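Novice:
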Amino acid sequence: MNFSKENNAKKQKKLQDKKKKIENKFNISFFRIIILVVVLVFIVGVGAALGAVKGIIDGAPSIDQIDVSPQGYASVIYDQFGNEIVQLTGVDANRIYVDLDMIPKHVQNAVIAIEDERFWTHNGIDLKGIMRAVFVNLRDGSLSEGASTLTQQLLKTNVFQTNAKSFDRKIQEQYLAIQIEQRLSKDQILEYYLNTVLFGSGRYGVQSASNFYFDKDIWELSIAEAAVLAATIQSPTRLQPAHHPERNRERQKIVLAKMLEQEYITQKEYEEALEEDVHSNIQSVREERPQSSSYSYFVDEVIKRVIQDLVNKNGYTETQANNLVYRGGLSIYVTQDLEMQAIVDEVLLDDSFFPPENVDYGVTLTYYVSILHADETTKHYSHVTLENYFRSKNSNFNLLFRNQEAAQRHVDEYLDMLMDEGDRILLETISFTPQPQASMVIMDYHTGHVKAISGGRGEKIGDRTLNRATETTRQPGSTFKVLAAFLPALDTAGMTLATVYDDVPHTYPNGRFIRNWYDTSRYAYNYKGLSTIRQGISYSLNIVAVKTLEDITPKLGYDYLINLGFTTVYDEIYINNQKFSDISLPLALGGLTRGVTNLELTAAYGAIANNGVYVEPIFYTRVLDHDGKLILDNAPDTRRVMKETTSFLLTKAMEDTLRPVVGTATTAALRNTSMPTAGKTGTTSSANDIWFSGYTPYYVGSIWMGYDINTSMVNDRSYHNMIWREIMEKIHKDLPNKNFETPSGIVTAQICTESGKLAVEGLCDHDPRGSTIRTEFFARGTEPTEVCDVHYKATICTVSNKLATEYCPESTKEERVFIVRPTPLDPSTWDSSITTPRIEDRKYELPSSMLGEYCDMHGPNSNNTIPDFPDFEFSEFYPPSIIETPSTDDNEDDPDSGTNNNNNRNNNNNNSNNNNNNNNRLFVNSWGGLVSIPLHSWL
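The following block contains the structure:
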């Protein structure tokens with residue numbers, strides 16, 4: 001550096017330069033102003049924030065009004081008339097209060113380690129935990145990490161009855177937590193918490209949970225068992241150790257690791273706890289415990305729906321909602337009719353309404369066994385491993401057995417295989433579920449009130465178990481013909497009950513052949529022929545339904561199903577990375593990806609019964625809290641899903657399904673009352689699922705029957721119909737008869753069922769099968785205006801079996817009525833396996849042998865001369881212009897020119913060939929005259 005005198009003088013001069021001094025002063029002043037502004041903004045911001053926080057705190061409950069001690073009131077469920085059904089006393093009965101000194105330290109420490117590791121040092125809020133949570137949430141871009149202390153959780157459960165994620169509530173919670181910690185000791189807070197927290201299955205507090213899961217008092221628990229309880233707290237349903245042992249086990253490992261990390265346990269204790277097979281012991285306790293059900297399927301469903309609505313509508317957590325339902329003193333008013341429910345239960349518990357055990361499969365097996373092997377290892381086996389063992393010997397094996405004795409024989413054989421000398425059974429449980437199973441729903445479709453349900457046949461074991469009426473999806477079969485095909489066809493596609501489709505061989509676009517349900521064997525192909533939509537409904541014609549959906553498009557059918565409340569039909573869904581869609585032609589026959597629930601199917605048929613208005617099915621109407629304040633008002637959603645005239649037409653058609661001869665559900669018809677009834681059967685391929693959905697002017701009901709293990713019903717398929725009839729007859733026993741309402745937009749017309757057009761007397765009523773005339777209902781404006789063009793009348797000579805001439809003796813003449821298909825049969829479009837289909841109306845068609853063939857057995861010269869057409873006996877009915885006179889050109893011969901039988905036959909053949917070339921034929925039309933009509937391809 002330069003420290004010379006000259007250089008110092010230059011520096012001094014530079015420092016004394018006025019311009020530079022001014023510049024320096026300005027920079028310093030500007031910097032001071034910036035600092036001042038920043039400080040002022042900070043002060044204002046802090047003041048505003050403090051003001052906001054103060055406002056939030058001022059809105060918090062008073063600390064003097066807060067009680068965080070465990071509390072509980074029984075909730076009561078009332079029926080539609082206000083009569084008490086059941087008390088939900090599980091919480092109060094299950095909570096057994098214990099003092100902190102009775103709770104082992106390792107139980108306390110397990111909870112603290114996983115839920116609030118700085119519990120003993122913080123003042124109610126964990127600042128370190130909050131900073132960690134902020135960092136994690138910012139890193140992950142979510143709000144997955146929380147920092148609630150045990151004190152805050154106690155406040156959440158007992159004071160803040162909502163889980164709405166708001167900044168305001170969090171501030172109030174933290175503020176009150178600090179105050180609680182100033183009033184209560186740490187021991188008191190921990191004691192309240194351990195007696196309050198939910199451990200799943202309605203078990204509140206550590207003592208009731210310990211009794212339930214381990215059949216021990218809390219002071220008897222091991223470290224591993226304490227960790228299981230602590231693991232459950234985060235999500236009592238998802239981590240419930242008996243139902244979800246694998247999930248709980250993973251969380252238990254985290255708890256033990258936290259205990260080791262925080263030095264609550266030693267390394268040796270940690271390793272021993274990991275080795276302890278706690279979850280197997282839990283299963284053993286579960287199986288040994290007497291299985292009983294306090295609640296019906298209906299009550300189970302009410303509890304489930306109230307909890308869901310508290311979460312979805314009121315912002316509660318699942319824990320808070322459970323807590324409120326079981327200990328909040330709620331008054332829950334449900335839609336159940338106890339008398340109807342008793343009828344349903346009585347019938348479905350009566351084995352005489354089901355196939356006998358030894359006729360078909362009678363039971364399914366549930367099996368668990370724990371074996372202590374000679375090498376001191378313990379292994380656990382279940383019905384799943386039993387099934388795998390027998391399936392290795394027989395690939396068709398399943399867990400369906402004719403009876404309990406047959407199931408027990410398989411169990412014995414399985415045990416013989418598992419056990420060696422020195423092995424012994426520690427625990428064995430076996431249970432049998434009656435098969436086939438069934439579910440039933442009864443609903444008042446006017447209000448949406450579900451009146452009775454059964455979620456399964458046989459004794460109900462356990463609470464909130466599988467409900468086959470509301471939770472199980474099964475294929476709906478032919479019940480979907482009405483909903484997916486015929487309903488939209490009548491409602492928006494301009495079709496009517498008289499619209500005719502030809503029930504003849506037909507395939508899907510991919511070439512797959514469509515079988516009819518009434519095909520009696522694998523190689524029999526039976527068809528009805530020309531059939532109206534009414535007949536398609538009453539006789540459940542597969543091909544008529546598919547052709548109808550083909551015309552209106554599967555997308556329209558799908559849209560109607562969505563509007564009818566179905567949540568398990570999909571426009572697009574991926575399963576195992578494979579794309580599926582229900583928007584396809586099999587939709588008409590109930591061919592779905594997932595299936596539907598009984599409840600949703602019942603509600604959809606209820607919409608037809610309810611003049612086209614869909615009313616959402618509900619199980620409860622309102623919920624009041626302990627103080628009588630309304631917290632849930634469950635008014636059902638309603639919407640019009642079809643025209644009133646459409647619902648009426650479908651009802652009239654479905655009344656036929658219960659009538660003898662014309663219907664497929666005659667065994668479901670009510671016998672002891674004349675109450676009008678309509679409905680539809682449904683049977684899936686191989687009869688894995690059988691249904692009947694029907695309704696009266698009062699109620700709609702659906703029944704499903706099938707095996708829990710999805711396999712074919714090989715017994716009599718009418719059991720479900722008879723169960724439906726038995727239940728509905730008892731329900732309607734004392735109800736006055738009334739008819740389905742007829743809307744103002746309905747008119748009638750006399751139609752022919754072969755053409756769907758206006759009937760012609762003297763013709764349609766002379767069909768060889770009997771009259772095809774019927775009075776049909778129509779929505780005004782859709783009734784037919786054209787007359788039947790399918791029936792044709794001809795006079796036949798019974799000797800030659802050809803069209804008669806004037807030379808045929810009267811004694812040989814016979815008038816016959818034939819049909820001519822609007823669209824000719826085309827065997828080239830049929831599946832190659834169909835060689836001789838049985839089409840019922842085919843024998844009533846005008847035979848190909850009569851096309852242009854006139855009697856050649858009678859005549860003036862040689863008993864075979866055909867007269868000139870102007871002299872033909874029916875020609876007087878028509879002007880000559882519409883009668884086709886045979887040509888006299890070189891290709892056709894005059895009928896009178898023949899001199900022998902061979903010539904006449906040749907002439908007739910020539911005429912036939914020429915007429916084929918002209919694509920026309922002479923027929924006797926509806927009023928008896930000869931007319932030219934298009935020639936079809938005949939077989």
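Per full-length UniProt numbering, the very first residue in the sequence shown carries number 1; after that it's consecutive.
A virtual CB, placed ideally from N, CA and C, is assigned to each residue, including glycine.
For clarity, every value in this text was computed on a predicted model and none was experimentally measured.
Return the Cβ separation of residue 482 and residue 680 in integer angstroms, given the expectation that the two are a contact with Cβ distance under 8 Å.
Specialist: At roughly 5 Å, the Cβ-Cβ gap stays under 8 Å, so residue 482 and residue 680 are in contact.
Novice: Name, in chain order, the residues that DSSP records as bridge partners for residue 452.
Specialist: DSSP, once it has assigned bridges, lists 442 as partnering residue 452.
Novice: Do you know offhand how far residue 739's Cα is from residue 677's?
Specialist: Computed Cα separation, rounded: 9 Å.
Novice: Cβ atoms of residue 837 and residue 539: under 8 Å apart, would you say?
Specialist: In this structure, residue 837 does not lie closer than 8 Å to residue 539 by Cβ.
Novice: Would DSSP call residue 277 helix, strand or coil?
Specialist: The answer is coil: DSSP assigns residue 277 none of H, G, I, E or B.
Novice: Short check: CB of residue 940 to CB of residue 355, under 8 Å?
Specialist: Outside the shown range of the chain, which is 1 to 939, sits residue 940, and nothing can be said about it.
Novice: From this set, 485, 480 and 433, which residue's C-alpha is nearest residue 461's C-alpha?
Specialist: Nearest option by C-alpha distance: 433.
Novice: Would you mind sorting residue 334 into buried or exposed? The rule is 16 or more other CB atoms within 10 Å of its CB.
Specialist: Buried, since its Cβ has 16 or more Cβ neighbours within 10 Å.
Novice: Between residue 353 and residue 726, which are expected to be in contact by the criterion C-beta below 8 Å, what is the C-beta distance as a whole number of angstroms?
Specialist: So it is a contact: roughly 7 Å between Cβ atoms.
Novice: Quick one: any contact between the segment 776-785 and the segment 745-758, if contact means 3 or more CB pairs under 8 Å?
Specialist: Yes, since at least three Cβ pairs between the segment 776-785 and the segment 745-758 fall closer than 8 Å, the two stretches touch.
Novice: What does residue 749 pair with, by DSSP beta-bridge criteria?
Specialist: Residue 749 pairs with 776.
Novice: For residue 698, which of helix, strand or coil comes out of DSSP?
Specialist: The answer is coil: DSSP assigns residue 698 none of H, G, I, E or B.
Novice: If you measure between the beta carbons of residue 941 and residue 600, is that distance less than 8 Å?
Specialist: The structure shown has nothing for residue 941, since the chain only spans 1 to 939.
Novice: Just to confirm my understanding: we take residue 813, look at its own chain, exclude 5 residues before and 5 after, and list those with CB closer than 6 Å. What are they?
Specialist: Counting only Cβ-Cβ distances below 6 Å, and skipping sequence neighbours, we find 795 and 804.
Novice: Looking at residue 525 and residue 505, is the spacing between their C-beta atoms short of 8 Å?
Specialist: Result yes, Cβ atoms of residue 505 and residue 525 sit closer than 8 Å.
Novice: Considering only C-alpha positions, which residue in the set 816, 500 and 425 is nearest to residue 822?
Specialist: For residue 822, the nearest C-alpha among the options comes from 500.
Novice: Of all the options 242, 252, 214 and 215, which has the alpha carbon lying nearest to the alpha carbon of residue 230?
Specialist: Among 242, 252, 214 and 215, the Cα nearest to that of residue 230 belongs to 252.
Novice: Tell me whether residue 474 is buried or exposed, calling it buried when 16 or more other Cβ atoms sit within 10 Å of its Cβ.
Specialist: Answer is buried; the Cβ neighbour count reaches 16.
Novice: Can you tell me which of the three DSSP states residue 606 falls into?
Specialist: Helix at residue 606.
Novice: Since I believe residue 362 is in contact with residue 401 (beta carbons under 8 Å), could you give me their beta-carbon distance rounded to a whole number of angstroms?
Specialist: Indeed they touch by this definition, with Cβ atoms about 7 Å apart.
Novice: Taking the CB atoms as reference points, tell me whether residue 195 and residue 86 lie closer together than 8 Å.
Specialist: No, the pair does not count as a contact, with Cβ atoms beyond the cut-off.
Novice: Tell me, to the nearest whole angstrom, how far the beta carbon of residue 1002 is from that of residue 844; I am working on the premise that it is less than 8 Å.
Specialist: Here the chain covers residues 1 to 939 and nothing more, so residue 1002 does not appear.
Novice: Taking the straight line between their C-alpha atoms, what separation do you get for residue 512 and residue 479?
Specialist: Going by the C-alpha atoms only, they are around 22 Å apart.
Novice: What runs of the alpha helix (DSSP H), each 4 residues or longer, lie entirely inside the segment 634-672?
Specialist: Those alpha helix (DSSP H) runs which fall completely within the segment 634-672 and span 4+ residues are 644-655.
Novice: Can you tell me where the beta strand (DSSP E) holding residue 366 begins and where it ends?
Specialist: Unbroken beta strand (DSSP E) run through residue 366: 363-372.
Novice: Residue 721: buried (16+ other C-beta within 10 angstroms of its C-beta) or exposed?
Specialist: Its Cβ being crowded by 16 or more others within 10 Å, residue 721 is buried.
Novice: If you run the structure through DSSP and keep just helix, strand and coil, what is residue 380?
Specialist: Of the three classes helix, strand and coil, the one that applies to residue 380 here is strand, per DSSP.
Novice: With the cut-off set at 8 Å, would you say residue 247 and residue 239 are in Cβ contact?
Specialist: Cβ distance < 8 Å, so residue 247 and residue 239 count as in contact.
Novice: Let me confirm a value: residue 405 is counted as buried when at least 16 other C-beta atoms fall within 10 Å, else exposed. Which label applies?
Specialist: It counts as exposed.
Novice: Please confirm whether residue 157 and residue 125 have their CB atoms less than 8 Å apart.
Specialist: Contact: no.
Novice: Can you tell me the Cα-Cα spacing of residue 606 and residue 661, whole angstroms?
Specialist: Taking the straight line joining both Cα atoms gives about 26 Å.
Novice: What are the residues that DSSP puts in a beta bridge with residue 978?
Specialist: The question about residue 978 has no answer here: the residues shown for the chain are numbered 1 through 939.
Novice: Compute the beta-carbon to beta-carbon distance between residue 595 and residue 476, rounded to the nearest angstrom, for a pair I have assumed lies under 8 Å.
Specialist: Sure, about 7 Å apart at Cβ, within 8 Å.
Novice: Specify the secondary structure class of residue 879 as computed by DSSP and reduced to three states.
Specialist: Legend: pLDDT at residue 879 = 30, less than 50; position of this residue unreliable, value from coordinates given subsequently. DSSP places residue 879 in coil when its eight states are reduced to three.
Novice: Quick one: what's got a C-beta closer than 7 Å to residue 507's C-beta in the same chain, skipping five residues either side?
Specialist: If we look at residue 507 and ignore the five residues flanking it on each side, its Cβ neighbours are 513, 514 and 831.
Novice: Going straight from the alpha carbon of residue 548 to that of residue 489, what length do you get?
Specialist: Rounded to whole angstroms, residue 548 to residue 489 spans 7 Å at the Cα level.
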